[in-house]
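Trainee: Numbering (my numbering), first residue to last: 1 to 343.
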């Protein structure tokens, strides 16, 4: 599929180099994938699939598990070791389950798990399966991501939230309860964003975003619908490239060739459009329902269906470049802690 951009056909590889790299590259910011006929207010370039291209794909009747296992099977084509950034959250857990169901024990010898103690504590039952079934190495996640990109491919669970919704749903739940998730967005979202943005820009933000609602193939009615559609249409590009932040452009460009987001495919995006009813039930704890059902069906861990959303990705890559050692429980240690630990 070609990538339709604001200023013609261009890929990340052909973007101009800068003599001094910024903290965050312009293409890692939020870009609206619907309003392509308008100049982006921040002049950012679109480097991923426009929503119009995704809508042209045929509808899918595949289940979450079928799409996940197809994706895991596709990754057999990558030549070299695979390093899965495993946070213990729903997205990376679903990916790990898909690998376990589609890769043979012999094939799994080249799949390694990057983990921290947060990975273990969030879902210890699955962690025990990983330790038993994965034949590759269990590695600490504190090394810079380039270290692993130089040795193979890094697989992340990025874009799972864009397929299902957003962690902002947690804010709605804590502020207003389960019922607010399914209330009309006009009643809920202005108050939510008034707590996030300065009051003088909330009205303009909501007005501009309303222009994208008609592009959705079904009506956006509830606060959950609204948040998912915003995340799906505006944050795909930011999430796709955010691991490149804070890195020299030459390094980042080379590393990105080796970073493979498990959920970053047109097929996954089409699944999200066709299965909106499988993202959440009546209660907040059911968020990412289809993924949880897949994990439960594959593992038998029935209590997992009620697992609350945890912002776990932050815990796995905030460690990068900050810690220098790990103990036997995979707790990451700074240099000072490590020196104290061995005395």
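Even glycine gets a Cβ: it sits at the ideal position worked out from N, Cα and C.
DSSP on residue 111, reduced to helix/strand/coil?
Mentor: Numbered from 1 along the chain shown, position 111 holds the residue referred to as residue 111. Here residue 111 sits in strand by DSSP.
Trainee: Going by DSSP, what residue range makes up the beta strand (DSSP E) through residue 85?
Mentor: Position 85 of the chain shown, counted from the start, is the residue given in the question as residue 85. Looking at the DSSP string, the run of the beta strand (DSSP E) that includes residue 85 is 82–85.
Trainee: Just checking my contact of residue 294 with residue 96 at CB under 8 Å: how many whole Å lie between their CB atoms?
Mentor: Locating residue 294 in the chain shown gives position 294, where the first residue counts as 1. Locating residue 96 in the chain shown gives position 96, where the first residue counts as 1. Residue 294 to residue 96, Cβ: 11 Å. No contact.
Trainee: Quick one: Cα of residue 172 to Cα of residue 180, how far?
Mentor: Residue numbering aside, residue 172 sits at position 172 when the chain shown is read from its first letter. Residue numbering aside, residue 180 sits at position 180 when the chain shown is read from its first letter. Each residue's Cα considered, the two are about 7 Å apart.
Trainee: Can you tell me where the alpha helix (DSSP H) holding residue 181 begins and where it ends?
Mentor: To locate residue 181, count along the chain shown from 1; it is residue 181. Residues 178–181.
Trainee: Ignore the nearest five residues each way along the sequence and tell me which others in residue 206's own chain have a CB closer than 8 Å to its CB.
Mentor: Along the chain shown, read from residue 1 onward, the residue named residue 206 stands at position 206. If we look at residue 206 and ignore the five residues flanking it on each side, its Cβ neighbours are 189, 190, 193.
Trainee: Is there contact here, the region 153–160 with the region 82–97, by at least three beta-carbon pairs under 8 Å?
Mentor: Verdict: yes, contact present.
Trainee: Have a look at 69, 231, 104 and flag the residue whose alpha-carbon is nearest the alpha-carbon of residue 262.
Mentor: Stepping through the chain shown from its first residue, residue 262 is reached at position 262. Checking every option, the nearest Cα to that of residue 262 belongs to 69.
Trainee: Based on Cα-Cα distance, which residue from 46, 195, 241 lies nearest to residue 175?
Mentor: Numbered from 1 along the chain shown, position 175 holds the residue referred to as residue 175. Considering only alpha carbons, the answer is 195.
Trainee: Which one or two residues does DSSP pair with residue 140 in a beta bridge?
Mentor: Within the chain shown, numbered from 1, the residue matching residue 140 stands at position 140. BP columns for residue 140 point to 115.
Trainee: What three-state label does DSSP hand residue 156 in the structure shown?
Mentor: As a working mapping, residue 156 is identified with position 156 in the chain shown. Here residue 156 sits in strand by DSSP.
Trainee: Going straight from the alpha carbon of residue 250 to that of residue 129, what length do you get?
Mentor: One-based indexing of the chain shown puts residue 250 at position 250. One-based indexing of the chain shown puts residue 129 at position 129. Their backbone Cα atoms lie some 38 Å apart in a straight line.
Trainee: Assuming residue 73 is part of the alpha helix (DSSP H), what are its boundary residues?
Mentor: The count along the chain shown starts at 1 and reaches residue 73 at position 73. Unbroken alpha helix (DSSP H) run through residue 73: 64–74.
Trainee: Figure out for me which residue from 109, 55, 30 has the closest Cα to the Cα of residue 268.
Mentor: Here residue 268 refers to the residue found at position 268 when the chain shown is read from its first residue. Cα-wise, what sits closest to residue 268 is 55.
Trainee: Under 7 Å, do residue 119 and residue 183 count as touching if we go by C-beta distance?
Mentor: Counted from its first residue, the chain shown places residue 119 at position 119. Counted from its first residue, the chain shown places residue 183 at position 183. Not a contact, by the Cβ cut-off of 7 Å.
Trainee: Can you tell me where the beta strand (DSSP E) with residue 259 in it begins and where it stops?
Mentor: Numbered from 1 along the chain shown, position 259 holds the residue referred to as residue 259. Residues 259–261.
Trainee: May I have a chain-ordered list of the beta strand (DSSP E) segments no shorter than 3 residues that lie completely inside the region 222–303?
Mentor: 259–261, all fully within the region 222–303.
Trainee: Going by other Cβ atoms of all chains shown within 10 Å of its Cβ, with 16 needed for buried, is residue 131 buried or exposed?
Mentor: Counting from 1 along the chain shown, the entry for residue 131 is found at position 131. Exposed: under 16 other Cβ atoms inside 10 Å.
Trainee: Whether or not the region 109–118 and the region 75–89 are in contact is what I'm after, with contact meaning three or more pairs of Cβ atoms, one per stretch, closer than 8 Å; do they touch?
Mentor: The region 75–89, when compared against the region 109–118, does touch it at the 8 Å Cβ threshold.
Trainee: Consult DSSP for residue 50 and reduce its assignment to one of helix, strand or coil.
Mentor: As a working mapping, residue 50 is identified with position 50 in the chain shown. Coil at residue 50, not helix or strand.
Trainee: So residue 207 is in the alpha helix (DSSP H); what residue range does that whole segment cover?
Mentor: Residue numbering aside, residue 207 sits at position 207 when the chain shown is read from its first letter. Where residue 207 is concerned, the enclosing alpha helix (DSSP H) stretches over 199–210.
Trainee: On a CA-only basis, which of 138, 272, 234 is nearest residue 62? Give me that one, please.
Mentor: Counting from one through the chain shown, the residue named residue 62 turns up at place 62. Residue 272 is the option with its Cα nearest to residue 62.
Trainee: When you compare only the Cα positions, how much space is there between residue 123 and residue 301?
Mentor: Position 123 of the chain shown, counting from 1, holds the residue named residue 123. Position 301 of the chain shown, counting from 1, holds the residue named residue 301. Answer to the nearest angstrom: the Cα atoms are 10 Å apart.
Trainee: Alpha carbon to alpha carbon, what distance is there between residue 45 and residue 232?
Mentor: One-based indexing of the chain shown puts residue 232 at position 232. One-based indexing of the chain shown puts residue 45 at position 45. Each residue's Cα considered, the two are about 17 Å apart.
Trainee: Around the Cβ of residue 166, are there at least 16 other Cβ atoms within 10 angstroms (buried) or fewer (exposed)?
Mentor: One-based indexing of the chain shown puts residue 166 at position 166. Burial call: buried.
Trainee: Tell me which residues share the same chain as residue 211 and place their Cβ nearer than 7 Å to its Cβ, disregarding the 5 neighbours each side in the sequence.
Mentor: Taking the first residue of the chain shown as position 1, residue 211 is located at position 211. Correct list, in chain order: 35.
Trainee: Near residue 266, what residues of its chain come up, given a Cβ to Cβ distance below 8 Å and the 5 sequence neighbours on each side ignored?
Mentor: If you number the chain shown from 1, residue 266 lands on position 266. The residues are 1, 49, 53, 54, 57.
Trainee: Determine the closest residue to residue 255 out of 282, 148, 221, with distance taken between C-alpha atoms.
Mentor: Within the chain shown, the letter at position 255 stands for residue 255. If we check each option's Cα against that of residue 255, 148 comes out closest.
Trainee: To the nearest angstrom, how far is the alpha carbon of residue 22 from that of residue 241?
Mentor: For this step, residue 22 is matched to residue 22 along the chain shown. For this step, residue 241 is matched to residue 241 along the chain shown. In this predicted model, residue 22 has a pLDDT of only 39, less than 50, meaning its place in the structure is not dependable; the value taken from the coordinates is given anyway. So the two alpha carbons sit approximately 14 Å from each other.
Trainee: Return helix, strand or coil for residue 184, following the three-state DSSP convention.
Mentor: By one-based count along the chain shown, residue 184 stands at place 184. In the structure shown, residue 184 sits in a strand (DSSP, three-state: E or B).
Trainee: According to DSSP, is residue 35 part of a helix, a strand, or is it coil?
Mentor: By 1-based counting over the chain shown, the position of residue 35 is 35. Of the three classes helix, strand and coil, the one that applies to residue 35 here is coil, per DSSP.
Trainee: Apart from the five residues on each side of it in sequence, which residues of its chain come closer than 7 Å, Cβ to Cβ, to residue 227?
Mentor: Here the question's residue 227 lines up with position 227 in the chain shown. Closer than 7 Å at Cβ, skipping near neighbours: 165, 166, 168, 169.
Trainee: DSSP state of residue 91, grouped into three classes?
Mentor: For this step, residue 91 is matched to residue 91 along the chain shown. Of the three classes helix, strand and coil, the one that applies to residue 91 here is helix, per DSSP.
Trainee: By Cβ distance below 6 Å, which residues in the same chain neighbour residue 306 in space, the five residues on each side in sequence not counted?
Mentor: Position 306 of the chain shown, counted from the first residue, corresponds to residue 306. Here the set comprises 285.
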